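What follows is one structure encoded as structure tokens, with my remarks underneath.
In my numbering, the protein residues as written are 515 to 679.
Dropping the structure here:
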């Protein structure tokens with residue numbers, strides 16, 4: 515599991531486009547990379563903040579309700595152990611009920627990233643989960659990139675150029 519790249523579940527073009535649009539909305543790639551570094555350096559993890567807010571040097575991230583340590587730990591375990599990008603539990607599997615409760619808890623949360631200076635952009639919002647159908651739930655690639663994926667992988671996706679066909 516040493517070389518696990520969680521961003522491989524997503525289309526590289528879509529991921530690159532989403533990251534670039536998000537970066538431009540808070541002031542550019544450098545500001546976005548500052549956000550990533552601030553999230554990685556923060557202890558404890560920013561998602562565990564009781565006030566559901568994380569401030570960094572050029573802006574802030576707010577979300578609609580706090581995430582408790584038990585849910586956070588279960589989510590980290592779940593995202594590392596899924597093999598196909600689908601985190602929805604199979605009926606009867608171990609921890610089915612707790613995973614379903616986790617998904618119900620995370621689904622309505624909305625994250626809002628705003629720059630300090632309004633001249634830098636309008637910011638962006640996103641949800642942590644993407645529900646594909648009744649039995650398929652995926653982690654939003656922006657959520658994965660912002661809070662969990664290694665910075666070098668996100669930077670690689672952020673700076674990738676679309677190959678001509």
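We treat Cβ as the ideally placed atom computed from N, Cα and C, and that holds for glycine.
All values reported here derive from a predicted model rather than from experimental measurement.
Under the three-state DSSP convention, the category residue i falls into
i           : result
residue 686 : What the structure shows of the chain is the stretch from 515 to 679, and residue 686 is not part of that stretch, so it cannot be assessed.
residue 673 : helix
residue 526 : helix
residue 587 : helix
residue 647 : strand
residue 531 : helix
residue 627 : strand
Reference residue i, options the options, closest by Cα
i           : options            : result
residue 643 : 661, 623, 633, 627 : 623
residue 576 : 637, 665, 654      : 637
residue 540 : 660, 609, 631      : 631
Residues near residue i by beta carbon distance below 6 Å, same chain, minus five either side
i           : result
residue 560 : 553, 568
residue 657 : 642
residue 601 : 592, 651
Contacting residues, own chain, Cβ-Cβ under 7 Å from residue i (five flanking each side not counted)
i           : result
residue 639 : 624, 625, 626
Residue i, buried or exposed, once every other Cβ within 10 Å from all chains shown has been counted against 16
i           : result
residue 603 : buried
residue 582 : exposed
residue 594 : exposed
Contacts around residue i, its chain only, beta-carbon distance under 8 Å, and the 5 residues preceding and following it disregarded
i           : result
residue 586 : 559, 561, 562
Original post:
Should the stretch 643 to 654 be regarded as contacting the stretch 539 to 558, the criterion being three or more beta carbon pairs within less than 8 Å?
Top reply: Taking a cut-off of 8 Å for Cβ pairs, the stretch 643 to 654 and the stretch 539 to 558 do not touch, as fewer than three such pairs fall below it.
Original post:
Would the stretch 609 to 624 and the stretch 658 to 676 be scored as touching if the rule is three or more Cβ pairs under 8 Å?
Top reply: Too few Cβ pairs lie closer than 8 Å, so no.
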